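Going by the numbering used here, the first residue of the sequence shown is number 5, and it counts up by one from there.
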Amino acid sequence: MKYREMQPDEIIRIGEVDRSESISAEFVTKRDGSGFGLVAIRTEKSPPQEVPPWGKLGIERRANDWKPAIEHGGFFYGAFEQGSLVGFVILGPKKKDASGEIVALFVDKDHRRLGIASKLMERAEQEAKARGMDSLFLYSNPTESSVGFYLNTGFEIVGLISKEVVRSLPGDVVMAKDLSKA
5 MKYREMQPDE
15 IIRIGEVDRS
25 ESISAEFVTK
35 RDGSGFGLVA
45 IRTEKSPPQE
55 VPPWGKLGIE
65 RRANDWKPAI
75 EHGGFFYGAF
85 EQGSLVGFVI
95 LGPKKKDASG
105 EIVALFVDKD
115 HRRLGIASKL
125 MERAEQEAKA
135 RGMDSLFLYS
145 NPTESSVGFY
155 LNTGFEIVGL
165 ISKEVVRSLP
175 GDVVMAKDLS
185 KA
């Protein structure tokens, strides 16, 4: 496996990563007993939900959404096997409060659980510190695998987005990490 920084014009290569997965559990946001707060409840999906690859339009939309973060001071880093992109992380530019956003982190379905995501995240954290960021945040897919990965790398749940309140929201789990403790 080879790792290297990628350039903004390489963003379309994200299509080489097959992001498909089978989701057997996810976190669903529900109102707490008071009616004012939210809690994340792990929910089994039976049968599992099959998430397909992005497809041409999905790749183009993500490339258009993510490229500005790279062009405006972000960091794009990839994992390659035999010249093909098998994983990537995008760190957005430093914010005024010295935080940074993990804009995207994906690993090809055939290359998961090999430590690639951990290496990509480790490199993004090194880069964030080098750029003077003291914390990172991200919006995680609510899947058990995504939330579990970020929890295992030291992120904490700091907020929940409720589909119950605004149905058009994605239901993401907002997570953050204090880099001064990492």
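Cβ coordinates follow ideal geometry from the N, Cα and C atoms, glycine included. Since we're looking at a predicted model, the values are computed, not measured.
Residue state for R117 is assigned as coil, using DSSP reduced to three classes.
Here R127 is buried: its Cβ has 16 or more other Cβ atoms, across all protein chains shown, within 10 Å.
If you compare the alpha carbons of I94, V107, W70 with that of L142, the shortest gap goes to V107.
In this structure, the straight-line span from the alpha carbon of K6 to that of D36 is close to 46 Å. When C-beta atoms of the segment 111-126 are compared with those of the segment 9-26, three or more pairs fall below 8 Å, so the two segments count as touching.
By the neighbour-count criterion, in which 16 or more other beta carbons inside 10 Å mark a residue as buried, S144 falls on the buried side. In this chain, V90 is not harboured by any alpha helix (DSSP H); it is covered by the beta strand (DSSP E) spanning 88-95.
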